[in-house]
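Residue numbers (UniProt numbering): 1 to 392.
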């Protein structure tokens, strides 16, 4: 007899709880799901029999000397596979991830500035995504997750972003021709979801995932859910005004955090240095102003270019100020910083110094701990696959 619809829903709920919080005992699962112990036991036995979950050990009874040891259960990996992709101005990345977050394949395509207009099109992206799906056919992927440099407007079927590049990016080819379920989400929300699911320290924690890239964005994980996911203004930390008389931002206002600390603006300011200062070390690194990238900016900082050091010093000051401001606005136990800019140890030390200087105690409560998540090129595509596994 096939499972009833209610039993199928309960089964999915139990699999999800075990995947996120395992290893767990049957008693733990019943308590966390609200499903009776009898039904939980029956479903778990079926999941064990079908190799969806397995026994990984046991723990003693809650009260010493009372009852039998509790059998601990965890999800079986390599059972289902999901494809993830991140769409950005600098690269297209693709990952194959299983149901417990293990990474099996990764690839990235660097966007060449000389062929920018040809590479960042819906047609080119569809071709690359379909190629990666074909490479992964032996894994029988269940769904595709796409991490976007903005938000997805389901009604208009387009990316919502302050960057005009993405407003004209055509997603219809992907949505209509890829023969798998497709889920689209903001890239930083995706990374926060993966952090919650597969970082043991953050399963039950309220935290803020603060990403520094071409722009800046914060994703707030609250009670196991992304806070404000359907409100496209929530999380736009890059457009917090830090200096009312600062430079004009692309949003039309002055002095946004983005104009001080985003990759896009750091590159723009470094390019101005290149053009104005022929003695700058930048001329030793690249032959053309158009070749200044975030990697070049970090290299110039490392070899001691005074102009670049000044630009990045200001960036760290404003980022530290933003971190302090966040701590008074959002309920979180931790702030997680992420971005390529933090691969430079000197900048991390500088940021921590400024955060420490901004420390304060109000109502006997200190600022949340700030930790750094190591940056990898495929972080976004890994996270997109995880997001798809959760939505599927």
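All C-beta atoms in this analysis are idealised placements derived from N, C-alpha and C, irrespective of residue type, glycine included.
For residue 251, the secondary structure class from DSSP, reduced to helix, strand or coil, is coil.
In this structure, the straight-line span from the alpha carbon of residue 382 to that of residue 170 is close to 23 Å.
Nearest to residue 341 by C-alpha distance, out of 223, 316 and 378, is 316.
Partner residues in the beta bridge of residue 110, as assigned by DSSP, are 91. Within the region 168 to 207, the complete beta strand (DSSP E) runs of at least 3 residues fall at 182 to 186. Inside the region 290 to 318, DSSP marks no whole beta strand (DSSP E) run of 3 or more residues. Spanning the alpha carbons of residue 276 and residue 296 requires a straight line of approximately 17 Å. When beta bridges are read from the DSSP output, residue 153 appears opposite 158. Going by DSSP, residue 58 is part of the beta strand (DSSP E) stretching over 53 to 59. Residue 211 has its alpha-carbon roughly 15 Å from the corresponding atom of residue 321.
Assignment of residue 331 by DSSP, reduced to helix, strand and coil, places it in the coil class. Take the alpha-carbon of residue 203 and the one of residue 223: they are about 10 Å apart.
With fewer than 16 other CB atoms across the displayed protein chains lying within 10 angstroms of its CB, residue 6 is exposed. Here residue 45 is actually not in contact with residue 76; their C-beta atoms are around 15 Å apart, not less than 8 Å. Residue burial is scored here from C-beta neighbours: residue 347 has at least 16 other C-beta atoms within 10 angstroms and is therefore classed as buried. Per DSSP, residue 355 is one residue of the alpha helix (DSSP H) stretching across 345 to 357. Linking residue 261 to residue 136 through their CA atoms gives a straight-line distance of about 38 Å.
Here residue 324 carries a helix assignment [DSSP, helix/strand/coil]. DSSP, reduced to helix, strand and coil, places residue 143 within a strand of the structure shown. In this structure, DSSP gives residue 242 a state outside helix and strand, which the three-state scheme calls coil. The C-beta separation of residue 43 from residue 11 comes to about 5 Å, placing the pair in contact by the 8 Å criterion. If you draw a straight line from the Cα of residue 303 to the Cα of residue 144, it is about 42 Å long.
Only residues of its own chain outside the window of five on either side were considered, and among them 143 and 144 have a CB closer than 6 Å to the CB of residue 180, listed in chain order. When C-beta atoms of the region 76 to 90 are compared with those of the region 106 to 125, three or more pairs fall below 8 Å, so the two segments count as touching. Here the alpha carbons of residue 240 and residue 214 stand approximately 16 Å from one another. DSSP links residue 218 through a beta bridge to 210. Where residue 70 is concerned, the enclosing beta strand (DSSP E) starts and stops at 70 to 75. Nearest in C-alpha terms to residue 218, of all of 186, 249, 201 and 242, is 186. For residue 372, the uninterrupted beta strand (DSSP E) segment begins and ends at 370 to 373. Checking the DSSP bridge columns, you'll see residue 24 partnered with 73. Pairing residue 225 with residue 245, the inter-Cα distance amounts to about 37 Å.
Residue 310 counts as exposed, since fewer than 16 other C-beta atoms from the protein chains shown sit within 10 angstroms of its C-beta.
Sequence-distant Cβ neighbours of residue 172 in its own chain, meaning closer than 8 Å and more than five residues away, are 122 and 157.
Nearest Cα to residue 199 within the set 391, 377, 373 and 15: 373.
Between residue 55 and residue 71, the C-beta spacing is below 8 Å. Boundaries of the alpha helix (DSSP H) harbouring residue 276: 263 to 276, taken from the DSSP string.
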